[in-house]
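According to the working numbering, the sequence shown is numbered sequentially starting from 135.
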Amino acid sequence: MKFKPSSNCIYCGKKGVTLDKEHIIPFGLGGQWVMPSASCKNCAKITSQLELLVLRKMYLPLRTKAEFPTRDKKTRPKSFKATIKKTDGSIQVIDVPISVYPTIYPIIQLPQPGILNNTEINNTNDSDIKITLTGNQEEMNAFAAAYPDAIEFNFSWELSINALIRVLAKIAHSFTVSLYGTTGYTPLLPSLILGNHTNPSYLVGGLAHLDEPRDKKISDGLEIVITNEGYIIVNIDVAGGRLPTYSAVTGKVHEWEEFINHVSYTGVEDKKEHDHGMRTRFMYIHEWVIWLIQIIRHFVERDHPDLVKYWPLINRYSFDAYALPPRHYLVILKSSSDSIPSGPNVALKMPYSDHPNLPPNKENLGAWQEWCRSSFSLSDDQWSIILPVHDLGKTHNVNKESELFSEEEKEFWVAQINNTIMMQLSKAMRNSRDDKPEYAHGMRTRFMFFHEWMIKFVAALRFYVERNFPDLKAQWPLLSGYSFDAYAMPPGHYLLILKSTNEAIPSGPDGAVALPYCDHPKLPPSSADLGVWKQWCQNRLSISSNQWPILLPAHDSGRACNVDKDYELFSKNDKEFWDAQLQYTIRMQLNEVLEMLQRKAQ
135 MKFKPSSNCI YCGKKGVTLD KEHIIPFGLG GQWVMPSASC KNCAKITSQL
185 ELLVLRKMYL PLRTKAEFPT RDKKTRPKSF KATIKKTDGS IQVIDVPISV
235 YPTIYPIIQL PQPGILNNTE INNTNDSDIK ITLTGNQEEM NAFAAAYPDA
285 IEFNFSWELS INALIRVLAK IAHSFTVSLY GTTGYTPLLP SLILGNHTNP
335 SYLVGGLAHL DEPRDKKISD GLEIVITNEG YIIVNIDVAG GRLPTYSAVT
385 GKVHEWEEFI NHVSYTGVED KKEHDHGMRT RFMYIHEWVI WLIQIIRHFV
435 ERDHPDLVKY WPLINRYSFD AYALPPRHYL VILKSSSDSI PSGPNVALKM
485 PYSDHPNLPP NKENLGAWQE WCRSSFSLSD DQWSIILPVH DLGKTHNVNK
535 ESELFSEEEK EFWVAQINNT IMMQLSKAMR NSRDDKPEYA HGMRTRFMFF
585 HEWMIKFVAA LRFYVERNFP DLKAQWPLLS GYSFDAYAMP PGHYLLILKS
635 TNEAIPSGPD GAVALPYCDH PKLPPSSADL GVWKQWCQNR LSISSNQWPI
685 LLPAHDSGRA CNVDKDYELF SKNDKEFWDA QLQYTIRMQL NEVLEMLQRK
735 AQ
């Protein structure tokens with residue numbers, strides 16, 4: 135596995151000093167993963183001394199018997215001492231050849247890290263630590279047979295529980311930094327590793343019992359789990375399973391996207407091929423989901439900033455992933471109450487085979503979405519996205535990977551995003567329906583009420599133009615872009631002033647202001663006095679030729695994206711006046727377009 139070098143010491147944080155490489159798992163325990171430029175001289179000396187205590191004092195016989203790596207095979211012990219008590223009562227210290235010396239070693243059983251039990255930092259109980267012996271019974275029997283006059287055997291080790299815990303902390307910390315850098319989370323272990331923590335058992339201990347799924351395994355020896363509370367936990371199973379699995383709490387995430395966007399792992403040789411036959415780099419799916427959420431967030435913050443707090447996914451989310459061999463993943467996104475986004479590193483095998491044809495395309499997008507909704511029983515808080523897989527093997531490269539999409543894949547991807555945004559816009563507006571503020575003018579309608587009605591009004595104009603004057607669509611006012619102002623006319627009307635713009639995104643207020651004049655024609659308006667109203671608006675509000683006043687009856691059905699229901703609440707007079715306004719606006723705009731074309735022709 136290949137990692138990026140660090141620019142500063144990963145233990146003390148020093149910059150501008152020579153940094154040595156760091157084996158994540160000690161070389162003497164078979165560690166092959168190396169982080170280049172990781173540790174300053176002082177910190178390297180501390181971690182080397184800790185590893186020396188564990189590897190050459192506590193577990194040297196085990197490492198020798200199991201033939202773990204050593205930097206100098208010539209100095210590897212040929213024998214170990216043991217003390218025997220003979221039948222005559224005498225005690226003798228003997229040198230036992232490696233071939234006869236039995237596999238026997240101490241097991242340090244630690245309680246779960248105290249921080250995960252909400253234990254006070256200075257209140258963890260070291261009495262819960264247990265030391266036992268384990269070994270190979272057949273080898274023990276053979277050893278006893280080699281010394282038939284012995285009735286008792288004693289083996290000794292130099293134990294240092296503190297050193298073991300600090301080595302475990304060093305493994306977990308260096309592994310986390312190798313994967314994630316140090317951005318977006320607070321590292322918790324450096325002070326413990328360097329000997330400045332008063333209670334090592336608070337952060338390092340026995341295997342943590344968690345509710346989170348164990349789907350984040352990276353190798354046979356290490357796995358990372360991130361809890362709902364944001365704790366980063368590394369589970370450590372070294373020495374080929376001969377020792378217990380330990381857990382170390384390496385950090386606390388405080389900014390998920392910043393954290394995940396600084397993944398340092400760049401290896402491609404360890405891309406595991408799974409039973410579904412697909413193979414992508416570690417965190418591939420996470421990177422793509424984050425990129426997708428960022429696209430949606432950018433749209434919302436730009437076009438609907440008032441809906442940010444109501445918008446699904448962009449605040450909290452989780453996802454599932456399924457493989458669609460040979461080149462697609464199905465990702466199911468869902469809103470989540472957890473502060474830390476979550477999802478698997480590895481896609482599951484697709485449980486169904488009756489899906490629409492692969493590869494998907496823009497034409498069968500509806501079929502795919504309907505199939506996903508039906509097969510996975512998706513709620514209105516879940517959204518399916520099909521991801522074309524183009525893995526360049528390097529993290530933070532989603533933009534480059536998207537450039538590998540075929541034209542058909544690009545069209546399908548964009549269509550999915552647009553469709554998802556439109557569905558989420560509808561949901562965000564529904565979520566906001568209870569936030570109907572009452573203004574000083576006494577009128578109260580739902581959030582985005584005016585926007586919805588102006589969308590409907592302009593859509594009616596567009597339908598008329600496309601059907602009757604398609605060649606004039608490019609010149610027709612409002613269709614290329616518009617904005618509006620809104621005035622309240624209590625108790626039951628709004629006056630909206632539409633105007634043409636060159637902006638592709640419509641704009642307008644979410645709340646109306648009080649109309650500054652009270653000499654307007656009588657309310658409610660009727661189709662008979664439409665001309666009077668138009669003349670008053672033109673004179674009193676100084677309306678120009680590219681502005682159009684619209685009086686909107688304020689019938690709010692209380693549900694977003696429900697303009698048709700609002701319209702059903704209109705009285706007969708309301709409907710007649712509304713339709714008359716639409717026809718009047720069309721006539722005025724047609725005249726304006728024809729006059730403009732005539733001027734150009736001259």
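Think of the CB as a built atom: it goes at the ideal place given N, C-alpha and C, for glycine as much as any other residue. All values derive from a computational prediction rather than experimental measurement.
To the nearest angstrom, how far is the alpha carbon of residue i from that of residue j?
i	j	result
Lys220	Asp283	6 Å
Leu194	Lys264	21 Å
Cys506	Ala457	13 Å
Lys597	Asp437	The amino acid occupying residue 597 in the given sequence is Phe; Lys does not appear at that position. Taking the straight line joining both Cα atoms gives about 24 Å.
Ala562	Asn696	13 Å
Glu272	Leu377	19 Å
Val647	Ala688	14 Å
Phe546	His462	12 Å
Leu189	Thr266	18 Å
Met417	Pro478	8 Å
Pro459	Met412	6 Å
Met556	Ser335	51 Å
Ile180	Tyr451	41 Å
Glu637	Pro324	53 Å
Ser540	Asp514	30 Å
Leu482	Ile466	12 Å
Gln672	Gln723	15 Å
Gly374	Gln166	14 Å
Ile327	Val480	32 Å
Asp713	Gly665	14 Å
Trp670	Ala622	16 Å
Leu703	Glu543	44 Å
Phe137	Ala276	45 Å
Please state if the CB of residue j and the CB of residue i are separated by a distance shorter than 7 Å.
i	j	result
Thr317	Leu341	no
Phe214	Tyr239	no
Arg210	Thr217	no
Trp682	Thr719	yes
Leu612	Val592	yes
Arg601	Asp690	no
Ile520	Pro490	no
Ser140	Ser182	no
Gly642	Ser614	no
Gln503	Lys468	no
Asn270	Thr237	yes
Thr384	Thr310	yes
Tyr444	Asn330	no
Ala608	Phe584	no
Tyr281	Val387	no
Asp440	Asp700	no
Glu535	Leu526	yes
Val423	Phe453	yes
Leu163	Val372	yes
Val727	Trp610	yes
Lys148	Cys174	yes
So, is residue i buried or exposed, given that buried needs 16 or more other C-beta atoms within 10 angstroms?
i	result
Leu442	Correcting the residue identity first, residue 442 is Val in this sequence and not Leu. Answer is exposed; the Cβ neighbour count stays below 16.
Tyr651	exposed
Val151	exposed
Arg721	exposed
Thr361	buried
Arg733	exposed
Glu357	buried
Pro485	exposed
Thr414	buried
Val233	Val is not the amino acid found at residue 233; the sequence shown has Ser there. Classification of Ser233: exposed, given that the 10 Å Cβ count is below 16.
Lys656	exposed
His432	exposed
Lys668	buried
Pro625	exposed
The ligand FMN and residue i: does the residue's C-beta get closer than 6 Å to at least one heavy atom of that ligand?
i	result
Pro460	Ligands displayed in this structure: none; no statement on the ligand FMN is therefore possible.
I believe residue i touches residue j by the beta-carbon criterion, under 8 Å. Please report the beta-carbon distance rounded to the nearest angstrom.
i	j	result
Leu187	Ser290	Their Cβ separation, rounded to whole angstroms, is 15 Å, which puts Leu187 and Ser290 out of contact at 8 Å.
Leu518	Leu559	First, the residue type needs correcting, since residue 518 is Ser and not Leu in the sequence shown. So it is not a contact: roughly 17 Å between Cβ atoms.
Validate contact between the region 299-309 and the region 359-371 using beta carbons, cut 8 Å, 3 pairs: yes
Check whether the region 425-434 touches the region 623-637, taking contact to mean three or more Cβ pairs, one atom from each stretch, closer than 8 Å. no
Would the region 155-166 count as touching the region 240-251 if we require 3 or more Cβ pairs under 8 Å? no
Do the region 546-557 and the region 583-592 touch if we need at least three Cβ pairs shorter than 8 Å? no
Specify whether the region 654-671 and the region 704-715 touch according to this definition: at least 3 beta carbon pairs, one from each stretch, less than 8 Å apart. yes
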